[in-house]
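Residue numbers (our numbering), protein chains in the order written: chain A, 1 to 346; chain B, 1 to 150.
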């Protein structure tokens, strides 16, 4: 069924959920980007009930091909509720529909925030130094707010139990994923072995966004306007998110700005500390940057495999397989930098 | 024997033609065209003799690492022989894949934790550099210029 064909079904659904007199879906159009889910922008007119008025919403549904370890729409909806209630700058979740009969798959509706998430545009933006620093600081603050969410959370009971040795559990996970791929990857195995032997235990278990990086937040007129893409959120080590944001693979060519290609690390860390009261331990960040490079490598290999296996022929997926050596270089260099630092301290 | 121009020259001319179209393509198709250009450039570099040579060196390093294959290594004395007897590269590629699989398992089990550290690193660095020379020489020039060929 086409998006236009859903119009009546969605209007009926919103009418019931919002106890409206009538609901008119003025426009539905597909939004770009989403290997895992499909997003549609909805312009809605609600007559009567608590939501009377015009609204800009997003409908989010599963894409035909899902990636391992991403949550279902219902789970993501619960996450958004928890994050929104904790005061995180996330889109407000509205209603979910678990019934796949309505539009072909489960979906939920949320508020549509204004701004751009396009990573390459953001890192090439003509920002002043102040704008860069204040954006990075805000991003640090929002991350700390997410990390303020701690177990237990009844609405998030579907998440795997928070284990303290989360670094080791990540190593195990990535090895299992590698075992599902046809080729051997010695550099990744070497990195995983190092991560295993040098595993760090988390000081506290927090809610990690797990894909907190440039490309997954919105900026409007130079201001942070929303944190997006919650589908990988999980209990974990705060440093997993801090390092993911700073990892070289998420700077989109703006290498000199180590915090997500938008600013130096200092304002990002300072924002984090101001909100959490927690100093950022740069050695821990370095450890988790190795983990970040391994993780993105394995995911990139999985994406390429979707192309190679014939499941989904795509030049973009195919080329993703060929970026892996960039992360492998990061792994070698970061580990050797850490080792050199340890030798200097000894 | 084919007629000139040969594959590599053809590919290069084809890339230039596609590049000249970038300006007139709509934004969405421009991104696709850039991906096509990138894929063509990677394939071209992959088919260069230097890239094949890097694979020969990789196999040599893998064999050196495997102490159980000492006799075999002495017999081969360098690796050019492999390429000569193995015209279509099937046996070469399968040995490379097999040895990488063994190495990956050994690394995971920690068998190389204490020993062979220098040899392992030499091999891993070689693998990464060789792959980047083909897939993204600009990245290599940015972060490890000492290994850059250009």
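All C-beta atoms, glycine included, are put in the ideal place defined by N, C-alpha and C.
Item to check | Backbone CA spacing between residue 303 of chain A and residue 135 of chain B [nearest angstrom] | outcome: In this structure, the straight-line span from the alpha carbon of residue 303 of chain A to that of residue 135 of chain B is close to 17 Å.
Next on the checklist: Does the CB of residue 120 of chain A have a neighbour CB from chain B at under 8 Å?
Outcome noted: Interface residue (Cβ-Cβ distance to chain B less than 8 Å): residue 120 of chain A is not classified as such.
Checklist entry - Cβ of residue 135 of chain B less than 8 Å from any chain A Cβ? => result Interface residue, yes.
Item to check | Test item: CB-CB of residue 205 of chain A and residue 243 of chain A under 8 Å | outcome: No Cβ-Cβ contact shorter than 8 Å links residue 205 of chain A with residue 243 of chain A.
Checklist entry - Under 8 Å between C-beta atoms, does residue 187 of chain A make it to chain E? => result The structure shown contains no chain E; its protein chains are A and B.
Checklist entry - Based on the DSSP output, what are the partners of residue 53 of chain A in its beta bridges? => result Looking at the DSSP output, residue 53 of chain A shares a beta bridge with A/46.
Checklist entry - Shorter than 8 Å from the beta carbon of residue 326 of chain A to some beta carbon of chain B? => result For residue 326 of chain A, a Cβ of chain B is located within less than 8 Å of the residue's own Cβ.
Item to check | CB-CB length for residue 195 of chain A against residue 291 of chain A, believed under 8 Å | outcome: Residue 195 of chain A to residue 291 of chain A, Cβ: 6 Å. Contact.
Checklist entry - When Cβ atoms are compared, which residues of the stretch 31-61 of chain B fall closer than 8 Å to chain A? => result Listed in sequence order: 32, 35, 36, 38, 39, 42.
Item to check | Proximal chain A residues relative to residue 127 of chain B, where beta-carbon distance stays under 9 Å | outcome: In chain order: 186, 187, 325, 328.
Next on the checklist: Measuring alpha carbon to alpha carbon, tell me which residue in A/241, A/326, A/79, A/14 is nearest residue 131 of chain B.
Outcome noted: Minimum Cα distance to residue 131 of chain B is reached at A/326.
Item to check | Start-to-end residues for the alpha helix (DSSP H) that takes in residue 111 of chain A | outcome: No alpha helix (DSSP H) contains residue 111 of chain A, which is instead part of the beta strand (DSSP E) from 107-111.
Checklist entry - Helix, strand or coil: which one does DSSP assign to residue 40 of chain A? => result Shown here, residue 40 of chain A sits in a strand according to DSSP, grouped into three states.
Checklist entry - Less than 8 Å separating the beta-carbons of residue 115 of chain A and residue 261 of chain A? => result For residue 115 of chain A and residue 261 of chain A, no; Cβs fall outside 8 Å.
Item to check | Of the residues A/106, A/53, A/29, A/231, the one placed nearest residue 13 of chain A, counting alpha carbons only | outcome: The alpha carbon of residue 13 of chain A has as its nearest neighbour, out of A/106, A/53, A/29, A/231, the alpha carbon of A/106.
Item to check | Delimiting residues of the alpha helix (DSSP H) encompassing residue 344 of chain A | outcome: That run of the alpha helix (DSSP H) goes 324-345.
Checklist entry - Going along chain A in order, which residues have a C-beta closer than 7 Å to the C-beta of residue 142 of chain B? => result Under the 7 Å cutoff, chain A gives 255.
Item to check | For residue 315 of chain A and residue 26 of chain B, the rounded distance between their alpha carbons | outcome: If you take the alpha carbons of residue 26 of chain B and residue 315 of chain A, they lie about 18 Å apart.
Checklist entry - Quick one: is residue 107 of chain B near chain A, going by C-beta distance under 8 Å? => result Chain A contact via Cβ: present.
Checklist entry - residue 112 of chain A and residue 57 of chain A: beta carbons closer than 8 Å? => result Contact annotation: residue 112 of chain A and residue 57 of chain A have beta-carbon atoms nearer than 8 Å.
Item to check | DSSP beta-bridge partners of residue 22 of chain A | outcome: Residue 22 of chain A pairs with A/47.
Item to check | Short CB-CB distance (under 8 Å) between residue 250 of chain A and chain B | outcome: So, not an interface residue.
Checklist entry - Taking Cβ to Cβ, would you say residue 152 of chain B is nearer than 8 Å to residue 39 of chain B? => result This structure cannot speak to residue 152 of chain B, because chain B is shown only from 1 to 150.
Checklist entry - With 16 as the cutoff for other CB atoms within 10 Å, does residue 221 of chain A come out buried or exposed? => result The C-beta of residue 221 of chain A has fewer than 16 other C-beta atoms within 10 Å across all chains shown, which makes the residue exposed.
Checklist entry - Taking DSSP as the reference, what is the three-state secondary structure of residue 144 of chain A? => result Of the three classes helix, strand and coil, the one that applies to residue 144 of chain A here is helix, per DSSP.
Next on the checklist: Pop quiz: residue 154 of chain A and residue 100 of chain B are said to be a contact at Cβ under 8 Å. What is the actual Cβ separation, rounded to whole angstroms?
Outcome noted: Actually they do not touch by this definition, with Cβ atoms about 47 Å apart.
Item to check | Under 7 Å from the C-beta of residue 193 of chain A: neighbouring residues of chain B | outcome: Listed along chain B are 107, 108, 110, each with a C-beta nearer than 7 Å to that of residue 193 of chain A.
Next on the checklist: Considering only their Cβ atoms, is the gap separating residue 162 of chain A from residue 151 of chain A smaller than 8 Å?
Outcome noted: In contact: residue 151 of chain A and residue 162 of chain A (Cβ atoms closer than 8 Å).
Item to check | Partners in chain A for residue 104 of chain B, counting only beta-carbon separations shorter than 7 Å | outcome: What residue 104 of chain B touches in chain A: 184, 185, 186, 189.
Checklist entry - Can you name, in chain order, every residue of its own chain whose Cβ lies under 7 Å from the Cβ of residue 100 of chain A, other than the five neighbours on each side? => result These residues qualify, in order along the chain: 106.
Next on the checklist: On the DSSP bridge list, what partners appear for residue 116 of chain A?
Outcome noted: Paired residue(s): A/219.
Checklist entry - For residue 89 of chain A versus residue 233 of chain A, is the C-beta spacing smaller than 8 Å? => result Residue 89 of chain A places its beta carbon 8 Å or farther from that of residue 233 of chain A.
Item to check | Collapsed DSSP secondary structure at residue 3 of chain B in the structure displayed | outcome: In the three-state reduction of the DSSP assignment, residue 3 of chain B falls in the coil class.
Checklist entry - Would residue 302 of chain A count as contacting chain B if we go by Cβ distances under 8 Å? => result Proximity of residue 302 of chain A to chain B, defined by a Cβ-Cβ separation below 8 Å, is not satisfied.
Next on the checklist: If you reduce the DSSP assignment to three classes, tell me which class residue 237 of chain A lands in.
Outcome noted: In this structure, residue 237 of chain A counts as strand in the three-state DSSP scheme.
Checklist entry - Looking at the C-beta of residue 316 of chain A, does it have a partner C-beta in chain B at a distance below 8 Å? => result True, the Cβ-Cβ gap to chain B drops below 8 Å.
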